[in-house]
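Input: a single structure, listed below in C-alpha cells.
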Ligand code: PBG
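Numbering (the working numbering), first residue to last: 1 to 334.
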C-alpha cells in the first residue's frame, strides 16, 4: 500500500495521531471485546489433583467446581468456553474406548453445564490423546503407526456423542486426514444439524503444548515420541493454508491456527484466503511464558497479556482461545 497523499515530513508527522490517549484510542485499527475470547478449562475426576505445575494460575476443576466457576465467567461477559479432560490412567487404553463412554468426564460435565447454563457455548476437543495409552491423538496399529482411517471413524462417533450431550461446537484437534468430512456426514446423519465444527485446521507440531500435556496427564505417556506425522511442520505456511481450505471444503464452520503468537503470518495469510470465521489458540506454553516471567517481575503482566492478544486480533483472528480470557474479560468490562 503506497500513500500517495503524503509529501513526507513535515506535512506528515506520524506523532500527530499518537499525541494523547484519546487520539490513540479513536485511531486504533483493531479492538478486543469479550466476544473475541474463549476460555479453556481443564476438568478432573473427583479424586484427582487440581494443581498444574507448568501453568501457574490455572487448575483442574471437578464437576461441582466447574459449575461454580462458570457463574462468574458468564457474569463477566464470556460467552464460550472449551473443556479438556484429565482422565484417570486406568481408563486409558490402546483403542481409547473411554472416549465413547456416555458417562465419561466430558459427557457428565456437559450435561451439568448445559442444564445450568443453556446459553453458554461449549466447545469440546475431538481427539483421542486424553484417552490413549500412547498419549497420541489417534489409534496405533501393530507397527506403532497411527491408523488414520480407524481413528477418524472413532472421532466421528465421539463428535456425535458429545453433540447429543449438549456440546455446541465440536473441535477436531487431531490433524488426521478426512476427519472433518466424516464428522460432518455423521452429524448430519444423526440430525445434529446445528452442531458446529471448529477445525484445528492449521495445527502445528509445536513444542509449546508441553504444559497442556501435563494438565491432561498425557506428557509421560507420549514421552519422547512426536506428533510430527500428523501435526504440521512449523517451517510451513502454505501447507497450513491448504489444510484449512480443505477442511472448509469438507464442512468446517470455523477454522483455527494454533499456536497463535509465533504464527501470525499464517493467521494473516489465511484471513486473506478464506471468508469463514477464523480462530487462533494462544497455547499453554505461550500462557506460561508470560505468566511465569511476570510472576518473576521480569515482564508487566497486564500489559504483556493485552499486547499478546491484541496482536493476535490485529493479524486477523476473529476468535481467540486464551487461558487469560476470563481475567481479560474482567479488565475489559470493568
Ligand atoms: C489435543 C490438544 C492439544 C492442545 C489442544 N488440544 C495438545 C496436543 O496436540 O498435543 C494444545 C493446547 C495448549 O497447549 O494449550 N489434541
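Just so you know, even glycine gets a beta-carbon here, dropped at the ideal spot from N, CA and C.
**Message:** Buried or exposed for residue 50, going by 16 or more other Cβ atoms inside 10 Å?
**Reply:** exposed
**Request:** Would you decide whether residue 23 is buried or exposed? Buried here means 16 or more other CB atoms lie within 10 Å of its CB.
**Result:** exposed
**Asked** Less than 8 Å separating the beta-carbons of residue 258 and residue 135?
**Response** no
**Message:** Using only the alpha-carbon positions, how far apart do residue 41 and residue 92 sit?
**Reply:** 20 Å
**Request:** Check residue 127 in the structure and name its three-state DSSP category.
**Result:** coil
**Message:** In the DSSP assignment, the alpha helix (DSSP H) including residue 11 goes from what residue to what residue?
**Reply:** Taken as a continuous stretch (DSSP letters only), residue 11 belongs to no alpha helix (DSSP H), as it is neither H nor E.
**Asked** Quick one: is the Cβ of residue 117 within less than 7 Å of any heavy atom of ligand 1?
**Response** no
**Request:** Rank 208, 138 and 118 by C-alpha distance to the C-alpha of residue 165 and give the top, closest one.
**Result:** 118
**Item:** Reduced DSSP secondary structure (H/G/I, E/B, other) of residue 255
**Value:** strand
**Prompt:** At a cut-off of 7 Å, is residue 209 close to ligand 1 when judged by its beta-carbon and the heavy atoms of the ligand?
**Reply:** yes
**Asked** Going by alpha carbons, who is nearest to residue 208 out of 286, 75 and 67?
**Response** 286
**Item:** residue 99 beta carbon near ligand 1 (any heavy atom closer than 7 Å)
**Value:** no
**Asked** Does DSSP classify residue 27 as helix, strand or coil?
**Response** coil
**Prompt:** Counting Cβ pairs, one atom from each stretch, are 3 or more of them under 8 Å apart for the region 301-320 and the region 28-42?
**Reply:** yes
**Request:** State the start and end residues of the unbroken beta strand (DSSP E) segment that holds residue 204.
**Result:** Residue 204 -> no beta strand (DSSP E), and no H or E assigned at all.
**Message:** Taking the alpha carbon of residue 145 as the reference point, which residue from 130, 95 and 307 has its own alpha carbon closest?
**Reply:** 95
**Enclosing beta strand (DSSP E) for residue 38 [first to last residue]** = 37-44
**Any 3 or more C-beta pairs closer than 8 Å across the region 191-210 and the region 230-246** = yes
**Item:** Chain-order list of residues whose beta-carbon lies under 6 Å from that of residue 253 (same chain, five-residue window excluded)
**Value:** 196 and 197
**Request:** Mind the definition here: the region 291-307 touches the region 9-16 only if three or more C-beta pairs lie below 8 Å; say whether that holds.
**Result:** no
**Request:** State the DSSP-derived secondary structure class of residue 83, mapped to helix, strand or coil.
**Result:** strand
**Message:** Any heavy atom of ligand 1 closer than 7 Å to the beta-carbon of residue 127?
**Reply:** yes
**Prompt:** Counting Cβ pairs closer than 8 Å, one from the region 106-124 and one from the region 73-88, do we hit at least three?
**Reply:** yes
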